[in-house]
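Here's the structure, in structure tokens; my notes come after.
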Amino acid sequence: MQLIAILLCFAPFVAGQTIELSLEKTIQLAADSSLEAFRSKNLYLSGYWEYRNYKAERLPSLTLNLTPAQYYRDITRRYDSEADLDVYRKQQSFYASGNLNVTQNFDLLGGSFYLDTDLGYMRSFGENDYNQFTTVPIRIGYSQDLIGYNAFRWARKIEPLKYEKVKKEFLYNMESISEQATTYFFALAMAQVEYDMAKENVANTDTLYRTGQERHKIAAISQEDLLTLKLDAINARNTLQNAEISLQRAMFSLASYLNFDKNRTIRLRLPSRPRKLEIPVSEALRMARENNPELLASKQSILEAEQEVDRTKKESLFNASVNASIGFNQVASSFKEAYRDPLQQDVVSVSVSIPLIDWGVRKGKHNIAKSNLRIAQTTAEQTAISVEEEVIMTVGDFHIQQHLIQSAEEALDIALMAYQKTKQRFLIGKADLNSMTLSLNRQQEAQRNYINALQNYWLSYYKIRKLTLHDFEVGISLSNEFDYEHGL
Numbered sequence: 007m008q009l010i011a012i013l014l015c016f017a018p019f020v021a022g023q024t025i026e027l028s029l030e031k032t033i034q035l036a037a038d039s040s041l042e043a044f045r046s047k048n049l050y051l052s053g054y055w056e057y058r059n060y061k062a063e064r065l066p067s068l069t070l071n072l073t074p075a076q077y078y079r080d081i082t083r084r085y086d087s088e089a090d091l092d093v094y095r096k097q098q099s100f101y102a103s104g105n106l107n108v109t110q111n112f113d114l115l116g117g118s119f120y121l122d123t124d125l126g127y128m129r130s131f132g133e134n135d136y137n138q139f140t141t142v143p144i145r146i147g148y149s150q151d152l153i154g155y156n157a158f159r160w161a162r163k164i165e166p167l168k169y170e171k172v173k174k175e176f177l178y179n180m181e182s183i184s185e186q187a188t189t190y191f192f193a194l195a196m197a198q199v200e201y202d203m204a205k206e207n208v209a210n211t212d213t214l215y216r217t218g219q220e221r222h223k224i225a226a227i228s229q230e231d232l233l234t235l236k237l238d239a240i241n242a243r244n245t246l247q248n249a250e251i252s253l254q255r256a257m258f259s260l261a262s263y264l265n266f267d268k269n270r271t272i273r274l275r276l277p278s279r280p281r282k283l284e285i286p287v288s289e290a291l292r293m294a295r296e297n298n299p300e301l302l303a304s305k306q307s308i309l310e311a312e313q314e315v316d317r318t319k320k321e322s323l324f325n326a327s328v329n330a331s332i333g334f335n336q337v338a339s340s341f342k343e344a345y346r347d348p349l350q351q352d353v354v355s356v357s358v359s360i361p362l363i364d365w366g367v368r369k370g371k372h373n374i375a376k377s378n379l380r381i382a383q384t385t386a387e388q389t390a391i392s393v394e395e396e397v398i399m400t401v402g403d404f405h406i407q408q409h410l411i412q413s414a415e416e417a418l419d420i421a422l423m424a425y426q427k428t429k430q431r432f433l434i435g436k437a438d439l440n441s442m443t444l445s446l447n448r449q450q451e452a453q454r455n456y457i458n459a460l461q462n463y464w465l466s467y468y469k470i471r472k473l474t475l476h477d478f479e480v481g482i483s484l485s486n487e488f489d490y491e492h493g494l
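Mapping of the sequence shown onto the numbering used here: residues 7 to 494, in sequence order.
Next comes the structure, spelled out in structure tokens:
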């Protein structure tokens, strides 16, 4: 098309500092290089490692605790049983200990199993110089709260959903970047069209003014029409200067968004008219309900509110915990003897905390949690309605834009032909000034309408992808095809 050929002929640019961009290339560069893409990637990585941390907590952990050296030299108070009184005595001693511990969380009940082994050494200096080793060759135990609140069970519901939301938020943000890049792309395209039209208008008005001067000499046009042609030529030059400023600003904005050198000149290659694509509203709604991160965030908020209701309800009764372990231990003056004939060690402890008077604090926390749950549920309903409305309106607008592009393209071809013929007729004196001006305005308006139609189509297309995280052109889910390591 003639318009596309015009767009490829940009204003003067610096050799070696020019890059030609298509819409697809612009979006790709924005996804790779823009600051917003960098921010989105790091937000995803934060959520990814949070989920990895949750998965790691479900696995057994092995911990080594060491106190390699602990030395005391002081005066301490001791009880003298023979004299039946407290006395101050000098003390000088050395301690060392180590513990190897394996812990496994038990999601079903919300407690933790543990398996450990201990070794301790003590050396006392002075009048009673002696060594002692104490050992726990093996001990196995279990501990948990008894109030019924199971944080592990809630984590199993919430954490996978949080990661799914983070993943889809990343895809949502990347599609938002596509939208923004499209906006900058067509802003530059429109600025270039305005500049080209202004430059062409300068040439045309100069030609028309010179023609008008010749025709005025033979009284073919009036003095008033000649002055109008001169005024049009002056206005055309002013318009060209303003269009050049707007073009520079639009080019700077796109270069800045893509993290380019601000002095680089950008040439655009407009996308051709896209093929017709039918998107069923019901299918778009279904994909939005499955993938839209706003809806996933609402589900997460409800689950977290339910978790808080469960926690405050059970903690409003009393707090209780149990810790039970069975193992062996021994003490001896030598390392070898400390592991010989160990004695059985059994420990069972139950602790209970019952609030007798708290002036309704716990009950108040529970009521607050229930109110927050109702707020989360109401907000989720409003969000779902808003997302569905946006999907329906965007799909409808997308279908309309497909028809508008075809009409705008046809109108542009007709306007260009009509302008060329009117211009030729004016130059030979068979068309008046009003007809020439009207034809020029129609041709310029048709060019603007075509750019706007292309922009609105692609903005609607990427907005549907953003809302549904689904590529309807090839029929794949962006979430299912997501591969952070190889997909960026």
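A virtual CB, placed ideally from N, CA and C, is assigned to each residue, including glycine. Note that the structure is a prediction, hence the values are computed from the model and not measured.
Task: Simplified DSSP assignment, three categories, for Asp-124 - done: Reduced to three states, the DSSP call for Asp-124 is strand.
TODO: Evaluate the contact criterion for the segment 427-442 versus the segment 250-267: three or more CB pairs, one atom per stretch, below 8 Å.
DONE: They do not touch, by the three-pair rule.
Open item on the list: Using a Cβ distance threshold of 8 Å, determine whether the segment 171-191 contacts the segment 49-64, with at least three qualifying pairs required.
Closed with: Put simply, the segment 171-191 touches the segment 49-64. At least three CB pairs are less than 8 Å apart.
- [ ] Report the rounded CA-to-CA distance for Leu-115 versus Leu-152, giving the unit in angstroms.
- [x] The alpha-carbon separation between Leu-115 and Leu-152 amounts to approximately 9 Å.
TODO: Below 8 Å on the Cβ atoms is my guess for Val-337 versus Ala-344; work out the distance and round it to an integer in Å.
DONE: About 7 Å; that satisfies the 8 Å criterion.
Task: Bridge partners - Ile-482, DSSP secondary structure assignment - done: Per DSSP, Asp-477.
Task: Residue closest to Ala-62, alpha-carbon to alpha-carbon, out of Gln-76, Val-397, Phe-158 and Ser-357 - done: Of all alpha-carbon atoms in Gln-76, Val-397, Phe-158 and Ser-357, the one lying nearest the alpha-carbon of Ala-62 is that of Phe-158.
Open item on the list: Cutting at 7 Å between CB atoms, please list the residues of its own chain near Gly-117, excluding the five before and the five after it.
Closed with: Tyr-148, Ser-149 and Gln-150, listed in sequence order.
Open item on the list: With H, G and I counted as helix, E and B as strand and the rest as coil, what does DSSP make of Gln-388?
Closed with: Gln-388 falls in the helix class under three-state DSSP.
Open item on the list: Using 8 Å as the threshold, is the C-beta distance between Ile-411 and Ala-452 below it?
Closed with: No.
Open item on the list: Contact between the segment 377-385 and the segment 414-424 is defined here as three or more beta-carbon pairs at a separation below 8 Å; is this criterion met?
Closed with: The segment 377-385 makes no contact with the segment 414-424; the number of CB pairs closer than 8 Å stays below 3.
Task: Spatial distance of Ala-294 from Asp-202 (CA atoms) - done: Ala-294 and Asp-202: Cα-Cα distance of roughly 42 Å.
- [ ] For Thr-217, collect the residues of the same chain with a Cβ closer than 7 Å to its Cβ; drop the 5 residues on either side in sequence, then sort them by chain order.
- [x] Only Leu-433 meet the Cβ criterion.
- [ ] Please report how far the alpha carbon of Glu-296 lies from the alpha carbon of Gln-408, in whole angstroms.
- [x] CA-to-CA, the gap between Glu-296 and Gln-408 works out to about 27 Å.
Open item on the list: When you compare the CB positions of Leu-274 and Leu-65, do they come within less than 8 Å of one another, or not?
Closed with: It is not a contact, given that the beta carbons lie outside the stated cut-off.
Task: Whether Ser-483 touches Leu-475 by CB criterion (8 Å) - done: When the beta-carbon positions are compared, Ser-483 and Leu-475 come within less than 8 Å of each other.
TODO: Measure how close the beta-carbons of Thr-389 and Leu-301 come, nearest whole angstrom, since I'm counting them as under 8 Å.
DONE: In this structure Thr-389 touches Leu-301 by the C-beta definition: roughly 7 Å separates them, less than 8 Å.
Task: Residue span of the beta strand (DSSP E) that contains Glu-230, given as start and end - done: Unbroken run through Glu-230 is the alpha helix (DSSP H), 229-263; no beta strand (DSSP E).
Task: Cβ distance (whole Å) where Thr-189 is taken to contact Leu-465 below 8 Å - done: About 7 Å separates the two Cβ atoms, so the contact holds.
Task: Inter-stretch contact (C-beta, 8 Å, three-pair minimum) for the segment 72-85 and the segment 97-113 - done: Cβ pair count under 8 Å is three or more, so yes.
TODO: Go ahead and pull the three-state DSSP assignment for Leu-72.
DONE: Leu-72 falls in the strand class under three-state DSSP.
TODO: Give a yes or no on contact between the segment 195-215 and the segment 238-258, applying the rule of three or more CB pairs nearer than 8 Å.
DONE: The way I'd put it, the segment 195-215 does touch the segment 238-258; three or more beta-carbon pairs between them come closer than 8 Å.
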